[in-house]
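Colleague: Quick note on this note's numbering: the sequence shown kicks off at 1 and runs consecutively.
This structure is in structure tokens; I'll ask about it shortly.
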Amino acid sequence: MYVKVCGVQDAATVEVALAAGADAIGVVMHPRSPRHVDEETARAVVATVGRAADTVLVVKDMPAEQAARTAAAIGAQVVQLHGSYSAEEYGTARRLAGRLWRATALSSGDPLTVGAYGEEALLLDAPRPGSGERWDLSALAGRRPEGHWLLAGGLSPDNVADAVAQARPWGVDVSSGVESAPGVKDHGLVRAFVAAARSAG
């Protein structure tokens with residue numbers, strides 16, 4: 001089970017997540033998010049990860065070209081795009097960044113085929129990304145993507161095993177579910193989440 005810990009803002013959390021066995025660390029650059037970091041902080045987080053895990057720049061509605069160039073500037077390996085982007089914009093991000101993840105929700109009407117816009121992985125999130133809201137996984141019946149897709153939205157150490165059993169994703173993504181306050185990661189919850197996800201998959 002591939003495990004991504006997202007919305008990381010400091011080196012200490014990186015070290016805890018890596019020691020627990022996380023496969024990816026995400027930094028968020030979206031001013032309206034409580035997990036938003038500036039470029040200097042993002043660069044420091046990515047540098048702490050080094051090559052120990054995938055590093056993912058998560059943006060929402062940032063122009064695709066800007067997102068790809070920002071990822072290069074901070075050293076992130078992957079660009080994860082949330083929001084409304086055209087096929088051309090996805091193509092621009094992939095061409096410039098090399099690695100692209102596409103984030104969407106079942107309610108968006110976007111295609112659920114992994115790679116539909118050239119992305120290497122698809123992230124299925126709640127209708128309001130980053131809200132910590134759970135969503136009805138039974139809606140995946142008959143619509144479950146194939147290939148590299150990550151389940152997100154309202155996951156926590158307490159429910160991730162059940163969610164994995166129901167949705168059978170390739171990976172999981174957590175942010176608010178391992179926080180003691182918006183944007184503040186609880187290291188104990190990070191460890192517990194990675195362990196629970198690993199045991200489930």
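We put the CB at the ideal spot given by N, CA and C, even for glycine.
Could you give the uninterrupted runs of the beta strand (DSSP E) lying entirely in the stretch 64 to 128, keeping only those of 3 residues or more?
Modeller: The stretch 64 to 128 contains, as complete beta strand (DSSP E) runs of 3+ residues, the segments 78 to 82, 100 to 104 and 121 to 124 (chain order).
Colleague: Could you give the first and the last residue of the continuous beta strand (DSSP E) run that contains residue 188?
Modeller: Looking up residue 188 in the sequence shown gives position 188. Per DSSP, residue 188 belongs to no beta strand (DSSP E); it is in the alpha helix (DSSP H), 187 to 200.
Colleague: Which term fits residue 176, buried or exposed, when burial requires 16 or more other beta carbons within 10 angstroms of its beta carbon?
Modeller: In the sequence shown, the residue the question calls residue 176 occupies position 176. Classification for residue 176: buried.
Colleague: Where does residue 54 fall in DSSP's three states?
Modeller: Taking the first residue of the sequence shown as position 1, residue 54 is located at position 54. Three-state DSSP puts residue 54 in a strand.
Colleague: On a Cα-Cα basis, can you pick out the residue from 189, 18, 87 and 186 that is closest to residue 53?
Modeller: For this step, residue 53 is matched to residue 53 along the sequence shown. Of 189, 18, 87 and 186, the residue nearest in Cα terms is 18.
Colleague: Could you spell out the range, first to last residue, of the alpha helix (DSSP H) harbouring residue 10?
Modeller: Within the sequence shown, numbered from 1, the residue matching residue 10 stands at position 10. Careful: residue 10 lies outside any alpha helix (DSSP H) and carries neither H nor E.
Colleague: What are the boundary residues of the beta strand (DSSP E) that includes residue 162?
Modeller: The residue you call residue 162 lines up with position 162 of the sequence shown. No beta strand (DSSP E) holds residue 162; the alpha helix (DSSP H) holding it covers 160 to 167.
Colleague: Evaluate residue 158 with the Cβ neighbour count: other Cβ atoms within 10 Å of its Cβ, from every protein chain shown; 16 or more gives buried, anything less gives exposed.
Modeller: Residue 158 sits at position 158 when you count from the first residue of the sequence shown. Exposed, by the Cβ-count rule.
Colleague: Between residue 15 and residue 48, what straight-line distance do the alpha-carbon atoms span, to the nearest angstrom?
Modeller: In the sequence shown, the residue the question calls residue 15 occupies position 15. In the sequence shown, the residue the question calls residue 48 occupies position 48. Roughly 8 angstroms separates the two Cα atoms.
Colleague: Am I right that residue 137 and residue 163 are in contact with their C-beta atoms under 8 angstroms? What's the rounded C-beta distance?
Modeller: Within the sequence shown, residue 137 is the residue found at index 137, counting from 1. Within the sequence shown, residue 163 is the residue found at index 163, counting from 1. Contact holds; Cβ gap of about 6 angstroms.
Colleague: What first and last residue would you give for the beta strand (DSSP E) that runs through residue 46?
Modeller: Translated into the one-based positions of the sequence shown, residue 46 becomes position 46. Careful: residue 46 lies outside any beta strand (DSSP E), inside the alpha helix (DSSP H) at 39 to 49.
Colleague: Compute the Euclidean distance between the alpha carbons of residue 94 and residue 82, then round it to the nearest angstrom.
Modeller: The residue labelled residue 94 in the question sits at position 94 within the sequence shown. The residue labelled residue 82 in the question sits at position 82 within the sequence shown. The alpha-carbon atoms of residue 94 and residue 82 are separated by roughly 14 angstroms.
Colleague: Tell me the rounded alpha-carbon separation between residue 169 and residue 39.
Modeller: One-based indexing of the sequence shown puts residue 169 at position 169. One-based indexing of the sequence shown puts residue 39 at position 39. Between residue 169 and residue 39, the C-alpha separation is close to 31 angstroms.
Colleague: Ignore the nearest five residues each way along the sequence and tell me which others in residue 24's own chain have a CB closer than 6 angstroms to its CB.
Modeller: As a working mapping, residue 24 is identified with position 24 in the sequence shown. 4, 53, 54 and 56.
Colleague: Work out the CA separation of residue 172 and residue 199 for me, nearest whole Å.
Modeller: Taking the sequence shown and counting its residues from 1, one reaches residue 199 at position 199. Taking the sequence shown and counting its residues from 1, one reaches residue 172 at position 172. Roughly 12 angstroms between the two C-alpha positions.
Colleague: Measure the C-alpha to C-alpha separation of residue 187 and residue 59 and round it to an integer number of angstroms.
Modeller: Locating residue 187 in the sequence shown gives position 187, where the first residue counts as 1. Locating residue 59 in the sequence shown gives position 59, where the first residue counts as 1. Distance between the alpha carbons of residue 187 and residue 59: 24 angstroms.
Colleague: For residue 33, count neighbouring Cβ atoms within 10 angstroms of its own Cβ and tell me buried if that reaches 16, exposed if not.
Modeller: Against the sequence shown, residue 33 aligns to sequence position 33. Buried: at least 16 other Cβ atoms inside 10 Å.
Colleague: Using a Cβ-Cβ cut-off of 7 angstroms (strictly less than) and excluding sequence neighbours within five positions of residue 65, which residues of its own chain qualify?
Modeller: To locate residue 65, count along the sequence shown from 1; it is residue 65. Residues of the same chain with a CB within less than 7 angstroms of the CB of residue 65, apart from the 5 flanking positions on each side, are 92 and 96 in chain order.
Colleague: Is the distance from the Cβ of residue 103 to the Cβ of residue 125 below 8 angstroms?
Modeller: The count along the sequence shown starts at 1 and reaches residue 103 at position 103. The count along the sequence shown starts at 1 and reaches residue 125 at position 125. Between residue 103 and residue 125, the CB-CB gap stays under 8 angstroms.
Colleague: Work out the CA separation of residue 11 and residue 116 for me, nearest whole Å.
Modeller: Residue numbering aside, residue 116 sits at position 116 when the sequence shown is read from its first letter. Residue numbering aside, residue 11 sits at position 11 when the sequence shown is read from its first letter. Residue 116 and residue 11 have their alpha carbons spaced roughly 34 angstroms apart.
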